[in-house]
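Scroll down for the structure; my scribbles are underneath it.
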Amino acid sequence: MPLHDESLPKNTLAYFFREATRRMWVSKRTSFVAVAMIAISLFIVGAFLLVAENLGRAVARAGGTSRVNIYLNTDATPQQIAAVDAWLTAHHDFAARQFVSKEVALARFRQYFANLSGVVGQLDENPFPASFECEVTPGLAQSAAFARQAAELRGLNGVEEVQFDWEWVEKLKKLINLVNLAGLVAGGLLAVAAAFTIANVIRLTMLLYREEIDIMRLVGATERMIRGPFLIEGILQGFIGAVLAVTLLFAAFFSGRHFLAPQNSLLWGFLFNGFLPWQKLLALLAGGMLAGYLGSWLSVRESGEEKA
Amino acid sequence: MIHFYHVTKRFDAYSTALHDVTFHIEKGEFVFLTGASGAGKSTLLKLILRQMQPTEGQVVVNGRNLKSMRRSQLPFFRREIGMVFQDFKLIERMTVFENLSFILTVLGLPAREHKKRAYAALRAVSLHHKLNSYPLQLSGGEQQRIAIARALINDPLVIVADEPTGNLDPDLTQEIVQIFAEANLRGSTVLIATHDRELIEQSGRRVITLDHGRITDEKVAVPQRAARAESIFGIGG
């Protein structure tokens with residue numbers, strides 16, 4: 000018999016899974032702690048990803064066109080409004096436009112922020128200004144020539160403010176990056192903690208099975224054969240934790256959409272637009288399994304080999 | 000097959016288990032190792048299985064110098080040796096079948112072979128009806144026989160047994176020694192450590208005697224009751 004054949008025998012993977020699941024069942028409580036740690040970590044990562052994903056969708060929707068909002072003074076006269084309209088007609092870049100009256104602006108607010116509509120109703124007069132909403136080509140809208148025209152527009156009588164939506168799109172993009180980063184940092188730290196929890200759980204299991212491991216070595220089991228079930232145990236704990244996290248996230252998302260989105264506010268509409276795409280769900284599952292693998296790898300590596 | 004060259008094993012400055020031990024067991028031999036408690040028998044067997052390394056000297060088993068053997072080769076080397084431990088070393092949470100099946104998994108035998116082989120090994124020690132029992136549900140003697148079945152399941156090149164009949168009554172002792180003799184006939188080299196002087200004397204086999212870590216005697220036992228010995232060892236050589 001050759002003494003260098005390191006390949007694993009057939010049936011080994013089945014044996015690894017059988018042993019790993021059995022050991023997890025025997026140490027239910029400690030395994031649960033490890034699974035819960037992974038689930039909490041990945042739930043937090045997933046929640047951040049979900050927020051970023053939905054904000055990203057909002058940005059993507061706005062990305063096709065750029066909008067310029069020209070807010071008029073609340074006391075702008077019909078003549079001033081007509082003069083602004085004439086100016087816009089004369090400048091082709093601003094030609095695609097829509098006039099939003101004070102009444103329409105108020106109606107929109109009531110629609111988007113239903114729970115605040117009562118507050119507005121208590122006011123003596125409509126606080127929302129009339130405005131022109133102009134659709135402009137994104138590339139052109141960010142040119143120097145366009146900026147000069149916008150400055151000219153600001154100088155017209157009756158114009159209170161000129162806002163470009165690509166400004167908030169840029170801000171939103173920065174926010175998305177921040178949310179992603181925060182999610183990765185917080186989730187990463189928690190995942191490391193979860194990996195260490197798994198490492199400790201596996202270490203405890205290995206202590207529990209120390210005598211058995213010695214026997215396995217004496218009858219000719221390789222280190223791979225001995226360590227395999229522990230590695231699989233870690234990966235399984237990570238996988239179960241990740242599945243739990245995704246399930247909780249899914250439940251939280253659809254509960255939120257069911258209970259919060261009907262209020263039809265702009266914010267909730269943004270946040271509950273859609274769930275995570277399958278690629279990110281797979282990444283969460285893979286992350287859980289990786290954390291589990293690293294945790295168990297740490298403990299089996301530390302457990303060392305036979306001293307002889 | 001098993002060669003000890005000036006082997007000394009010291010645990011510390013005041014405790015030396017083996018002193019300059021040299022002996023040779025050739026392929027196909029059946030040898031008894033005897034001596035009082037603390038003579039160094041178990042240490043010697045542990046050196047053969049490379050559970051420990053000698054402080055001085057060389058141990059060569061099946062042509063392999065155990066001192067220079069890489070750790071990664073150790074499992075494959077051990078698969079060539081069927082070891083019967085004094086404390087059985089059965090895995091308590093596994094059934095008898097699982098204890099035997101584990102060895103076959105390690106060896107890479109397909110699952111469909113496991114039951115057949117395990118049953119045959121258990122039948123040889125008359126415990127085939129205990130396939131689904133757990134070790135702690137068995138008597139000491141039964142556990143001993145399961146450990147023997149496990150050691151033999153693989154038809155190993157070398158069988159090393161530490162007090163394999165220590166928990167058995169005389170009839171079972173005969174049965175077990177017969178099993179070892181049959182394995183020896185199939186080509187396995189057998190080394191049995193035992194206190195049982197009657198067993199040794201009736202065997203007609205070579206005996207190595209240890210005393211305080213030194214070999215004090217090495218001879219072929221002369222059967223006192225040839226008829227009984229023949230009934231036990233009649234087929235071995």
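Just so you know, the sequences run in chain order A and B. Start counting the first sequence at 0; every next residue gets the next number (numbering that gives the first Met the number 0). Start counting the second sequence at 0; every next residue gets the next number (numbering that gives the first Met the number 0). C-beta: ideal position from N, C-alpha, C; glycine also. These numbers come from a predicted model, not from an experiment.
- Non-local beta-carbon contacts of Glu-160(A) in its own chain, meaning distances under 6 Å to residues more than five positions away in sequence, involve Tyr-70 in chain order.
- Annotation for Gly-237(A): the continuous alpha helix (DSSP H) segment containing it runs 222-258.
- The beta carbons of Thr-42(B) and His-194(B) sit about 16 Å from each other, so the pair does not count as a contact at 8 Å.
- Comparing alpha-carbon positions, the option among Arg-147(A), Tyr-292(A), Ala-82(A), Arg-209(A) lying closest to Phe-131(A) turns out to be Ala-82(A).
- According to DSSP, residue pairing for Ala-192(B) in a beta bridge involves Leu-32(B), Asp-161(B).
- Close to Thr-221(A), with beta-carbon spacing below 7 Å, are these residues of chain B in chain order: Pro-74.
- Sequence-distant Cβ neighbours of Asn-131(B) in its own chain, meaning closer than 6 Å and more than five residues away, are Thr-94.
- Taking C-beta atoms as the reference points, Gly-219(A) and Val-159(B) fail to come closer than 8 Å.
- Under a criterion of Cβ atoms nearer than 7 Å, no residue of chain B is adjacent to Leu-275(A); the nearest Cβ is some 40 Å distant.
- Of all residues in the segment 84-101 of chain B, only Lys-88, Ile-90 come within less than 7 Å of chain A when Cβ atoms are compared, listed by chain position.
- Taking C-beta atoms under 8 Å as the contact rule, His-2(B) and Gly-56(B) fail to qualify, at a distance of about 10 Å.
- Under the 10 Å beta carbon count, Pro-53(B) is surrounded by 16 or more other beta carbons and is classified as buried.
- Taking C-beta atoms as the reference points, Glu-181(B) and Leu-135(B) fail to come closer than 8 Å.
- DSSP, reduced to helix, strand and coil, places Ala-16(B) within a strand of the structure shown.
- Taken in chain order, no unbroken stretch of beta strand (DSSP E) lies wholly in the segment 98-128 of chain A with a span of 3 residues or more.
- Leu-48(B) reaches chain A at Leu-217, counting residues in chain order whose Cβ is nearer than 7 Å.
- Taking one beta carbon from each stretch, the segment 183-191 of chain A and the segment 40-53 of chain A have 3 or more pairs nearer than 8 Å; the two touch.
- The three-state secondary structure of Leu-209(B), taken from DSSP, is strand.
- Between Arg-144(B) and chain A, the shortest Cβ-Cβ separation is not below 8 Å.
- Asn-68(A): member of the beta strand (DSSP E) spanning 65-71, first to last residue.
- Any Cβ of chain B closer than 8 Å to the Cβ of Tyr-14(A) would place that residue at the interface, and such an atom is present.
- Taking 7 Å as the upper bound on Cβ-Cβ separation, chain A lies near no residue of the segment 177-189 of chain B.
- Listed along chain B are Ile-90, Arg-92, each with a C-beta nearer than 8 Å to that of Glu-211(A).
- Secondary structure at Tyr-4(B): strand, using DSSP grouped into helix, strand and coil.
- Looking at the backbone, the Cα of Ser-67(B) and that of Ile-201(A) are separated by about 33 Å.
- Collapsing the DSSP output to three states places Gln-177(B) in a helix.
- Chain-order list of chain B residues neighbouring Ile-214(A): Lys-88, Ile-90, by C-beta distance under 7 Å.
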